[in-house]
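Asker: I'd like to ask some things about the structure below.
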Amino acid sequence: MVVEYISQALVNLADPFVLLLMVGGIFLGILMGSIPGMTATMTIAVLLSFTFTMEPSQGMILLLGIYGGAVYAGSIPAILIRTPGTPSAAATIFDGHPLSQKGEAGRAIRVSTIASFVGGIISVLALMFFSPVIADAALRFRSPEFFALAFFGLTIIASVSGDSLTKGMVSGLLGMLVATVGIDPVTGFHRFTFDLPELLTGVEFIAVMIGLFGIAEGLRKYSQGINSGNDRVDQEITGVFPSLSDLRSIAPVSVGSGVLGSFIGAIPGAGGDIAAFITYNEATRWLKDTVPSFGEGNIRGVAAAESGNNASTGGALIPTLTLGIPGDSVSAILIGALLVHDVNPGPGLYQEEPVLLYTIFVGFLLIYVFILIFGMLGANYWARLINIPKSHIWPVILVLCVIGAIALRGNVFDAWIMLGAGVLGYVMRLRGYPLAPMVLGLILAPIAEENLRRSLVLSGGSPTIFLTSPIALVIILLGLGAIALPAVRSIRANA
Amino acid sequence: MFITYDCLVSYHEAEEIMVIQKVGAVLDRIGLESVRSSPLSVFFILFSAVVIFFASQFPSGDGVGPSFFPIAVSLGIIFFAGIDVLTGSETELEISEFDFRPAAVVTAFLVGYVLLMPLLGFLVSTMLFMPVVLYYSDIRSKLLVAALSIGFPVALFYIFGRIFLVRLPEGVIPVSRLLPQLPLVVTF
Numbered sequence: 001m002v003v004e005y006i007s008q009a010l011v012n013l014a015d016p017f018v019l020l021l022m023v024g025g026i027f028l029g030i031l032m033g034s035i036p037g038m039t040a041t042m043t044i045a046v047l048l049s050f051t052f053t054m055e056p057s058q059g060m061i062l063l064l065g066i067y068g069g070a071v072y073a074g075s076i077p078a079i080l081i082r083t084p085g086t087p088s089a090a091a092t093i094f095d096g097h098p099l100s101q102k103g104e105a106g107r108a109i110r111v112s113t114i115a116s117f118v119g120g121i122i123s124v125l126a127l128m129f130f131s132p133v134i135a136d137a138a139l140r141f142r143s144p145e146f147f148a149l150a151f152f153g154l155t156i157i158a159s160v161s162g163d164s165l166t167k168g169m170v171s172g173l174l175g176m177l178v179a180t181v182g183i184d185p186v187t188g189f190h191r192f193t194f195d196l197p198e199l200l201t202g203v204e205f206i207a208v209m210i211g212l213f214g215i216a217e218g219l220r221k222y223s224q225g226i227n228s229g230n231d232r233v234d235q236e237i238t239g240v241f242p243s244l245s246d247l248r249s250i251a252p253v254s255v256g257s258g259v260l261g262s263f264i265g266a267i268p269g270a271g272g273d274i275a276a277f278i279t280y281n282e283a284t285r286w287l288k289d290t291v292p293s294f295g296e297g298n299i300r301g302v303a304a305a306e307s308g309n310n311a312s313t314g315g316a317l318i319p320t321l322t323l324g325i326p327g328d329s330v331s332a333i334l335i336g337a338l339l340v341h342d343v344n345p346g347p348g349l350y351q352e353e354p355v356l357l358y359t360i361f362v363g364f365l366l367i368y369v370f371i372l373i374f375g376m377l378g379a380n381y382w383a384r385l386i387n388i389p390k391s392h393i394w395p396v397i398l399v400l401c402v403i404g405a406i407a408l409r410g411n412v413f414d415a416w417i418m419l420g421a422g423v424l425g426y427v428m429r430l431r432g433y434p435l436a437p438m439v440l441g442l443i444l445a446p447i448a449e450e451n452l453r454r455s456l457v458l459s460g461g462s463p464t465i466f467l468t469s470p471i472a473l474v475i476i477l478l479g480l481g482a483i484a485l486p487a488v489r490s491i492r493a494n495a
Numbered sequence: 496m497f498i499t500y501d502c503l504v505s506y507h508e509a510e511e512i513m514v515i516q517k518v519g520a521v522l523d524r525i526g527l528e529s530v531r532s533s534p535l536s537v538f539f540i541l542f543s544a545v546v547i548f549f550a551s552q553f554p555s556g557d558g559v560g561p562s563f564f565p566i567a568v569s570l571g572i573i574f575f576a577g578i579d580v581l582t583g584s585e586t587e588l589e590i591s592e593f594d595f596r597p598a599a600v601v602t603a604f605l606v607g608y609v610l611l612m613p614l615l616g617f618l619v620s621t622m623l624f625m626p627v628v629l630y631y632s633d634i635r636s637k638l639l640v641a642a643l644s645i646g647f648p649v650a651l652f653y654i655f656g657r658i659f660l661v662r663l664p665e666g667v668i669p670v671s672r673l674l675p676q677l678p679l680v681v682t683f
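Protein chains in written order, with my numbering: chain A, 1 to 495; chain B, 496 to 683.
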């Protein structure tokens with residue numbers, strides 16, 4: 001069976017158009033990832049509308065190429081100019097930038113390329129092997145379990161994103177509130193539609209995401225001064241392959257970080273940034289007697305962070321594809337991309353669309369192989385991308401945001417939704433509210449509401465149904481723990 | 496002993512004053528300062544209250560009706576934003592490095608762009624929006640502004656409209672139809 005699906009996936013991927021999309025996606029990802037302020041999430045949200053007329057597998061290959069390319073390339077400005085290209089490259093600075101200061105930027109980038117490849121491949125293999133098992137177990141899930149999962153997803157997201165648990169919760173709940181707009185799925189009642197036909201099917205959540213991650217970030221950049229922080233890179237990066245001794249030195253830490261990063265990526269809400277910080281921290285704990293020490297330009301530090309953040313990409317897809325619960329904000333958008341094609345991520349997907357899934361798996365493996373090749377051959381050119389002035393890029397992004405929103409349904413109304421979300425996101429970030437929980441709230445709300453109401457109908461209105469299902473109970477308790485733990489910690493810290 | 500009408504009124508007034516004093520004391524304890532320092536949290540609380548008001552007028556269905564979820568979520572917002580107001584933990588980030596005006600100006604450009612879109616169509620409105628934003632982004636090279644303002648919308652038109660067949664607004668006068676068709680037929 002699996003062999004059959006994989007061979008069918010290979011046939012799908014051998015299409016020149018699909019390969020073109022894959023390579024194009026990786027290049028776009030590397031371009032945007034190399035430029036600080038342009039994140040993988042933003043690029044994918046803005047370019048999503050290009051994929052609507054494609055086959056679902058073609059669209060996913062393009063978006064995953066961007067994802068992998070951007071998470072890889074985020075390390076290049078982190079190493080060269082001490083600014084992460086994407087949030088997930090923040091931990092790469094610790095050892096990457098000191099290496100660059102010693103004139104070893106090329107060595108750091110080569111190590112980062114190898115580690116990204118190792119982490120990415122491990123995570124996609126984890127995705128291939130674990131997700132069918134999880135999906136199989138989740139097939140027995142009923143409404144109470146799915147409500148519990150959505151509840152867990154929201155609480156853990158709020159607790160891991162940003163500094164403030166309360167702000168994370170408010171952000172997530174606001175997302176859920178926005179998701180209640182439209183026809184009530186159970187009674188058909190029109191909620192908060194204000195007699196606008198465009199709102200009957202609800203707020204287009206992709207428009208909201210484009211606003212939150214595109215416009216809000218753009219307004220922020222203009223507030224800081226569009227041409228501020230234009231660091232120039234003149235360092236020449238020579239050589240293609242890392243030395244054999246470097247390879248031997250980073251091999252164990254890359255593999256270990258790849259395994260750990262995949263696991264962390266699979267936790268809903270914990271994305272590449274958290275994965276990289278944890279794998280970096282673990283590396284410093286396990287490898288004590290290294291010369292030079294961590295933080296002073298140790299290639300193992302670069303390898304740990306880069307393997308960890310790339311491993312989170314495949315890991316994030318595990319809950320996304322098996323449960324329909326996004327692992328991070330990129331996978332939340334990928335859910336949107338699949339829903340557009342009437343493909344419903346969740347345990348049923350493994351029976352309905354096995355070929356699509358295996359095309360995603362094998363395609364993602366291939367994407368990391370291409371990233372390795374492009375990273376090796378092109379490091380010197382990618383480093384030059386940092387020099388592109390932001391004033392040239394942002395006007396283009398702003399246009400793509402507006403067009404991307406309009407293209408969702410061919411309706412200018414969605415551009416207004418997108419702009420509104422952008423301004424709200426700008427103000428919220430200014431006041432310290434994280435935006436990722438809002439996106440997850442948007443995705444999780446329909447799952448939470450439908451399954452809550454269905455559970456209560458099953459139980460005749462009694463909430464004890466959540467206590468009698470052991471799985472649901474455990475998941476809900478974990479969710480409560482996710483809120484309680486940071487709260488207790490902060491109270492202790494204040495006492 | 497009898498209480499005159501006046502007395503009764505003043506008794507009520509006194510009670511009212513006591514209530515006001517109590518509210519004042521509570522507000523003092525919360526600290527008006529913390530309300531002022533968390534304007535966004537206060538806004539979210541008021542917004543949720545409005546949502547609850549509207550949602551409470553939804554018809555009740557069997558068991559949990561359409562109003563339950565919005566009300567529960569709004570109460571959650573009030574709870575968590577309330578903690579934020581009480582602890583005054585809303586922090587303004589990097590406020591000193593921030594200048595709000597550019598963000599407001601760019602938002603105004605975007606609003607104009609979206610307003611023009613249905614009238615002038617995607618192609619023309621983008622050709623108007625681009626030079627304005629490029630100039631505002633301190634790009635002074637006329638050649639670059641012209642190239643980006645004309646080249647980018649035309650490229651997007653072909654990529655979106657002709658290759659990916661995504662519908663874009665044409666405007667009252669469909670200028671974009673004057674553009675030549677792609678020489679090659681793209682089929683997937």
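Ideal Cβ placement from N, Cα and C applies to all residues, glycine included.
Say whether chain B places a C-beta atom closer than 9 Å to the C-beta of A:K167.
Answerer: yes
Asker: Below 8 Å, how does it come out for the stretch 106 to 116 of chain A and the stretch 327 to 343 of chain A: are there three or more Cβ pairs, yes or no?
Answerer: no
Asker: A:T53: which of A:S254, A:R492, A:G425, A:R409 sits nearest, CA to CA?
Answerer: If we check each option's Cα against that of A:T53, A:R409 comes out closest.
Asker: Exposed or buried, B:D579, counting other C-beta atoms within 10 Å across all chains shown (16 or more means buried)?
Answerer: buried
Asker: Which residues does DSSP pair with A:G182 in a beta bridge?
Answerer: A:R191
Asker: With H, G and I counted as helix, E and B as strand and the rest as coil, what does DSSP make of B:Q516?
Answerer: When DSSP states are grouped into helix, strand and coil, B:Q516 belongs to the helix group.
Asker: Below 8 Å, how does it come out for the stretch 300 to 316 of chain A and the stretch 113 to 124 of chain A: are there three or more Cβ pairs, yes or no?
Answerer: yes
Asker: Beta-carbon of A:S293 versus every beta-carbon of chain B: anything under 9 Å?
Answerer: Chain B contact via Cβ: absent.
Asker: B:S543 CB to nearest chain A CB: under 9 Å?
Answerer: It does: the Cβ of B:S543 has a partner Cβ on chain A nearer than 9 Å.
Asker: Would you mind working out which of A:G432, A:Q58, A:P395 sits nearest A:L10, comparing C-alpha positions?
Answerer: A:Q58
Asker: For A:G460, count the other beta carbons within 10 Å of its own beta carbon; 16 or more makes it buried, fewer makes it exposed. Which is it?
Answerer: Looking at its Cβ environment, which holds fewer than 16 other Cβ atoms inside 10 Å, A:G460 is exposed.
Asker: Any beta carbon from chain B within less than 9 Å of A:M428's own beta carbon?
Answerer: yes
Asker: Look at the alpha carbon of A:G441 and the alpha carbon of A:V111, and state the distance between them as a whole number of angstroms.
Answerer: When rounded, the distance between both Cα atoms is 37 Å.
Asker: From the DSSP output, in three-state form, read off B:P675 for me.
Answerer: coil
Asker: Grab the span of the alpha helix (DSSP H) containing B:R662 for me, first residue to last.
Answerer: Per DSSP, B:R662 belongs to no alpha helix (DSSP H) and is neither H nor E.
Asker: Taking the C-alpha atoms as reference points, what is the distance between A:G375 and A:T238?
Answerer: 12 Å
Asker: Consider the Cβ of B:R687: report whether some Cβ of chain A lies at a distance smaller than 9 Å.
Answerer: Shown here, chain B extends from 496 to 683; a query on residue 687 of chain B therefore has no answer.
Asker: From the beta carbon of A:E104, is the nearest beta carbon of chain B less than 9 Å away?
Answerer: no
Asker: Please list, in chain order, all residues of the same chain as A:I81 whose beta carbon is under 7 Å from its beta carbon, the five residues on each side excluded.
Answerer: D231, V233, I386
Asker: Counting C-beta neighbours from all protein chains within 10 Å, is the total for A:R429 16 or more, i.e. buried, or is it exposed?
Answerer: buried
Asker: In chain order, what residues of the stretch 367 to 399 of chain A put their CB closer than 9 Å to some CB of chain B?
Answerer: P389, K390, S391, H392, W394, P395, V396, L398, V399
Asker: Exposed or buried, A:P470, counting other C-beta atoms within 10 Å across all chains shown (16 or more means buried)?
Answerer: exposed
Asker: Cβ closer than 8 Å: which chain A residues qualify as neighbours of B:S551?
Answerer: Per Cβ cutoff of 8 Å: no residues; B:S551 is ~12 Å from chain A at best.
Asker: Compare the C-beta of A:T187 against all C-beta atoms of chain B and say whether one is closer than 9 Å.
Answerer: yes
Asker: Can you find a C-beta in chain A that's less than 9 Å from the C-beta of B:V559?
Answerer: With 9 Å as the cut-off, B:V559 counts as an interface residue toward chain A.
Asker: Note down, one range per segment and in chain order, each alpha helix (DSSP H) of at least 4 residues found wholly within the stretch 256 to 328 of chain A.
Answerer: 272 to 286, 299 to 323
Asker: Excluding the five sequence neighbours on either side, which residues of its own chain have a C-beta within less than 6 Å of the C-beta of B:Q539, listed in chain order?
Answerer: Sequence inspection shows Phe at residue 539 of chain B; the Gln mentioned does not correspond to that position. These residues qualify, in order along the chain: I572, A576.
Asker: Can you name the start and end residues of the alpha helix (DSSP H) that A:L354 belongs to?
Answerer: Checking the sequence, you will find Pro at residue 354 of chain A rather than Leu. Per DSSP, A:P354 belongs to the alpha helix (DSSP H) from 354 to 385.
Asker: Closer than 9 Å, CB to CB, is A:M54 near chain B or not?
Answerer: Taking Cβ atoms only, chain B reaches closer than 9 Å to A:M54, which makes this a yes.
Asker: Comparing C-alpha positions only, which one of A:L174, A:L149, A:A45, A:I267 sits nearest to B:L535?
Answerer: A:L174
Asker: Quick check on A:T166: does DSSP put it in helix, strand or coil?
Answerer: helix
Asker: In whole angstroms, give me the CA-to-CA distance for B:T682 and B:L623.
Answerer: Note that B:T682 has pLDDT 46, beneath the 50 cutoff, so the model's placement of it is unreliable and no number is given.
Asker: Kindly give me the distance between the Cβ atoms of A:I114 and A:S257, rounded to whole angstroms, as I take these residues to be in contact under 8 Å.
Answerer: At roughly 12 Å, the Cβ-Cβ gap does not stay under 8 Å, so A:I114 and A:S257 are not in contact.
Asker: Looking at chain A, is there any beta carbon in it that lies within less than 9 Å of the beta carbon of B:F617?
Answerer: yes
Asker: Would you mind telling me which residues of chain B sit closer than 9 Å to A:Y72, beta carbon to beta carbon, in chain order?
Answerer: Near A:Y72 there are no residues of chain B at all, since even the closest Cβ is about 25 Å away, more than 9 Å.
Asker: Using three-state DSSP, classify A:L48 as helix, strand or coil.
Answerer: helix
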